[in-house]
Amino acid sequence: NFVRIFEVGPRDGLQNEKTQVPTPIKVEFVNRLSRTGLKFIEVTSFVSPKWVPQMGDHVEVLAAIDRIPGIRYSALTPNVQGINRVLSLGNKGADEIAIFSAASESFSKTNINCSIETSLQRFNEVTQISSQNNLPVRGYVSCVIGCPYEGKIKPSQVIPVVQKLLDMGCYEISLGDTIGVGTPKSIKELLQAIQSSGISINKLAIHCHDTYGQAIANIAQALDMGIRCVDSSVAGLGGCPYAKGASGNVATEDVLYLLEGLGYETGVDLNRLID
1 NFVRIFEVGP
11 RDGLQNEKTQ
21 VPTPIKVEFV
31 NRLSRTGLKF
41 IEVTSFVSPK
51 WVPQMGDHVE
61 VLAAIDRIPG
71 IRYSALTPNV
81 QGINRVLSLG
91 NKGADEIAIF
101 SAASESFSKT
111 NINCSIETSL
121 QRFNEVTQIS
131 SQNNLPVRGY
141 VSCVIGCPYE
151 GKIKPSQVIP
161 VVQKLLDMGC
171 YEISLGDTIG
181 VGTPKSIKEL
191 LQAIQSSGIS
201 INKLAIHCHD
211 TYGQAIANIA
221 QALDMGIRCV
231 DSSVAGLGGC
241 PYAKGASGNV
251 ATEDVLYLLE
261 GLGYETGVDL
271 NRLID
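For the sequence shown, full-length UniProt numbering begins at 1 and goes up steadily by one.
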């Protein structure tokens, strides 16, 4: 009855903050999160500072954090340069990496400047390098329910992307409702369709945004369907810079309150997290 919380605050939470957050504050933020019982913390992103200036200090942040045994510190690496940079840092790098695709062609072109197919070809190189170096890879799929440019996204658009990322060797795929348009009904339909295609629910995580106040209801629905990993961001920080009007990630403390109320174990101390 255990649910893993995948904390994305330091990366997805801070990436769009308009004012530059000083490196020591990011380091202290990660260190505090490390003391709450969280076991998965996404620390930073190896994207070009030109695109996401807030993450320009990725090397410095990873080098300075206190590493607690048993916690996996993760970094987003969208390309071969990114993963090679992570590997060059040795034990000051990341314990796992993440790659991100989308179920919407328009979102892929806006967010990562290429088609879904091209993005998957790029990631194939990344996952080959990571498997040679025994570095676990997590896959993200954005816009699994709706897209700011295309509107409703069908499960049939999501499934092939999930399958290709799993075939590449991702240990888990995080399904992102990037603009927060999902409801329990659409989440249920999506997860049923993915499972019907032969993909195990154990390979999936859920990443909800709270634009219309539906995130907690959507997560409860996903838990009912067998999902056992939830992405969240402490204090509900962040959202996607390319998703207009999206209010932000679901707050980790709200997710913990839900999980505790439903009787799930998380290993995370809610009171410590709120401090």
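Ideal placement from N, C-alpha and C gives every residue a C-beta, glycine not left out.
- Starting from the C-beta of Ser-156, find all residues in its chain whose C-beta is less than 8 Å away, skip the five residues before and the five after it, and write them out in chain order. To locate residue 156, count along the sequence shown from 1; it is residue 156. So the list reads Ala-193, once near-sequence residues are dropped.
- Message: On the criterion of 16 or more Cβ atoms from any shown chain inside 10 Å, does Tyr-171 qualify as buried, or is it exposed?
- Response: The residue labelled residue 171 in the question sits at position 171 within the sequence shown. By the neighbour-count rule (16 or more Cβ atoms within 10 Å), Tyr-171 is not buried but exposed.
- Nearest CA to the CA of Leu-76: which residue from Arg-138, Ser-232, Gly-37? Along the sequence shown, one-based indexing puts residue 76 at 76. Residue Arg-138 is the option with its Cα nearest to Leu-76.
- Task: Within its chain, find whatever has a CB closer than 8 Å to the CB of Ile-153; leave out the 5 residues flanking it on each side and keep chain order.
- Result: To locate residue 153, count along the sequence shown from 1; it is residue 153. The answer, listed in chain order, is Ala-103, Ser-104, Cys-143, Val-144, Ile-145, Gly-146, Cys-147.
- Query: Do Cys-208 and Phe-6 have their C-beta atoms closer together than 7 Å?
  - Reply: Translated into positions along the sequence shown, residue 208 becomes position 208. Translated into positions along the sequence shown, residue 6 becomes position 6. Result no, Cβ atoms of Cys-208 and Phe-6 do not sit closer than 7 Å.
- Runs of alpha helix (DSSP H) wholly within the region 151 to 203 (minimum 4 residues, chain order): 155 to 168, 184 to 196
- Item | Secondary structure of Glu-96, DSSP reduced to three states | Locating residue 96 in the sequence shown gives position 96, where the first residue counts as 1. In this structure, Glu-96 counts as strand in the three-state DSSP scheme.
- Item | Endpoints, beta strand (DSSP E) assigned at Val-137 | Numbered from 1 along the sequence shown, position 137 holds the residue referred to as residue 137. Counting along the chain, the beta strand (DSSP E) containing Val-137 begins and ends at 137 to 142.
- Query: Roughly how many angstroms lie between the CA atoms of Ile-83 and Ser-197, to the nearest whole one?
  - Reply: Here residue 83 is taken as the residue at index 83 of the sequence shown, counted from 1. Here residue 197 is taken as the residue at index 197 of the sequence shown, counted from 1. Rounded to whole angstroms, Ile-83 to Ser-197 spans 31 Å at the Cα level.
- Message: DSSP three-state label for Glu-117, please.
- Response: By one-based count along the sequence shown, residue 117 stands at place 117. In the structure shown, Glu-117 sits in a helix (DSSP, three-state: H, G or I).
- Task: With a 10 Å radius around its C-beta and 16 neighbouring C-beta atoms as the bar for buried, classify Lys-164 as buried or exposed.
- Result: In the sequence shown, residue 164 corresponds to position 164, counting from 1. So Lys-164 ends up on the buried side.
- Task: For Phe-2, collect the residues of the same chain with a Cβ closer than 8 Å to its Cβ; drop the 5 residues on either side in sequence, then sort them by chain order.
- Result: Here residue 2 refers to the residue found at position 2 of the sequence shown. Contacts found: Arg-228, Tyr-264, Glu-265, Thr-266, Gly-267.
- Task: Measure the C-alpha to C-alpha separation of Leu-204 and Ile-99 and round it to an integer number of angstroms.
- Result: The residue you call residue 204 lines up with position 204 of the sequence shown. The residue you call residue 99 lines up with position 99 of the sequence shown. Distance between the alpha carbons of Leu-204 and Ile-99 is about 14 Å.
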